[in-house]
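The structure under discussion appears below in the form of structure tokens.
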Amino acid sequence: MKTGIVYKDVYLKHNEKGHPENKDRLIAIMQELEGKGLLKELTHIEPRRARAQEVSLNHDPAYVQEVADFCSAGGGHLDVDTYAGVDSYEVALYAVGGVLEGIDRLLEGEVEAVFCAVRPPGHHAEYATAMGFCLFNNVAVGAHYLLQKGFERVFIVDFDAHHGNGTQRSFYEEDRVFYFSSHQYPFYPGTGSREEKGAGKGYGYNHNEPLPAGAGDREFERVYGEVFPKLFFEYSPQFLLVSAGYDAHADDPLTYLNLSTQGMTRVVHHLLESAKKLSVPVLFALEGGYNLRALAQCVRITVEKMLEM
Ligand SMILES: [Zn+2]
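Printed below as a string of structure tokens:
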């Protein structure tokens, strides 16, 4: 597949020394892609700066303004583990804008798959709340953007080791967006049980695969080789958005899942193979992943798989 990568150095300006979600994550990823000669094979996509109005497709406009004001006043912590510095509002607009620009390029047919090497991550951010290292929900804004363009079936897969409470909440009563998540459970942020299936017309369009601590390649093969394709083909989506968090890796310092690099490769393979079968555009947006070596390797494998599909 013709593959694009969204990246800009502005993403390094959101940083807190000693925090696991820091700029070194993207530096490690870009060095790995460069070192393995992959950057020249990828179409570079320059992210745009999302407008506050676009971010408000998924967030309370008053909250968007609150983040802007908080950052311009010098920043600090929005919750116990979510920092925002003086540049973070700007960076977060570019993270959302990276996803939107990636979507535009996919819809124009310039590329068939896109990897967004963006930060801060997004899947914990709710309508009016920053949470779990996330300011704005990049993928959720992307899904709303597609709905606004007339799409009727958007599939979101979230393989980050943490449940994407923000994304689930955004589309819980929506049948035009299917949210599928695998994650360690019980664990942060507390949501993500099997019983959370959606509500109203969204009932049946929210699927959680809670995994116990220690779950690894065998469990992920069941989830992505069997459960996911069945739901994906039944829904017959027009677009696949992936919250690509690589913290389910065995070496990740923040979680207790046990996925090997090979197992992660299989997950990515199943996602891309299913998207390819339906010829749907696919966009991955970076979420978690805190062991720099495992993160960089797994992202490299992801884009390699995209290129060879
Ligand atoms: Zn995570």
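Using the working numbering, the letters of the sequence shown map in sequence onto residues 264 to 572. Think of the CB as a built atom: it goes at the ideal place given N, C-alpha and C, for glycine as much as any other residue.
Set against 7 Å, the gap from the CB of E550 to the closest heavy atom of ligand 1 is smaller.
With fewer than 16 other CB atoms across the displayed protein chains lying within 10 angstroms of its CB, T306 is exposed.
For D421, there is no enclosing alpha helix (DSSP H); the residue is part of the beta strand (DSSP E) that begins and ends at 417-421.
The DSSP-derived three-state label of Q411 is helix. Contact between G429 and L504 is absent: CB atoms are separated by about 14 Å, not below the 8 Å threshold.
Annotation: P475 to I419 spans about 22 Å, alpha carbon to alpha carbon.
Secondary structure at A557: helix, using DSSP grouped into helix, strand and coil. Around the C-beta of S433, 16 or more other C-beta atoms lie within 10 Å, and the residue is accordingly described as buried. Inter-residue distance for G551 and A557 is about 12 Å (C-alpha atoms, whole angstroms).
In the structure shown, M569 falls within a helical segment according to DSSP collapsed to helix, strand and coil. Look at L541 here: in three-state DSSP terms it is coil, with no helix or strand label. Our two residues, D510 and Y448, have alpha carbons roughly 14 Å apart in a direct line. For T430, the enclosing alpha helix (DSSP H) covers residues 428-433.
Contact between H386 and D423 is confirmed by a C-beta separation of about 6 Å, below the 8 Å threshold. When beta bridges are read from the DSSP output, Y442 appears opposite I419, N469. When the alpha-carbon of L555 is set against those of E317, R481, E436, L517, the nearest one is in L517. Beta-bridge pairing by DSSP links L549 to A507.
Excluding sequence positions up to five before and after R312, its CB lies within less than 8 Å of the CB of E353, L356, Y357, G360, all in the same chain and listed in chain order. A380 sits close to I268, with the two beta carbons spaced by under 8 Å. Distance from the C-beta of A355 to the nearest heavy atom of ligand 1 is not below 7 Å. S445 is classed as buried because its beta carbon has at least 16 other beta carbons within 10 Å across all chains shown.
In terms of Cβ geometry, R368 and V362 do not form a close pair [threshold 8 Å].
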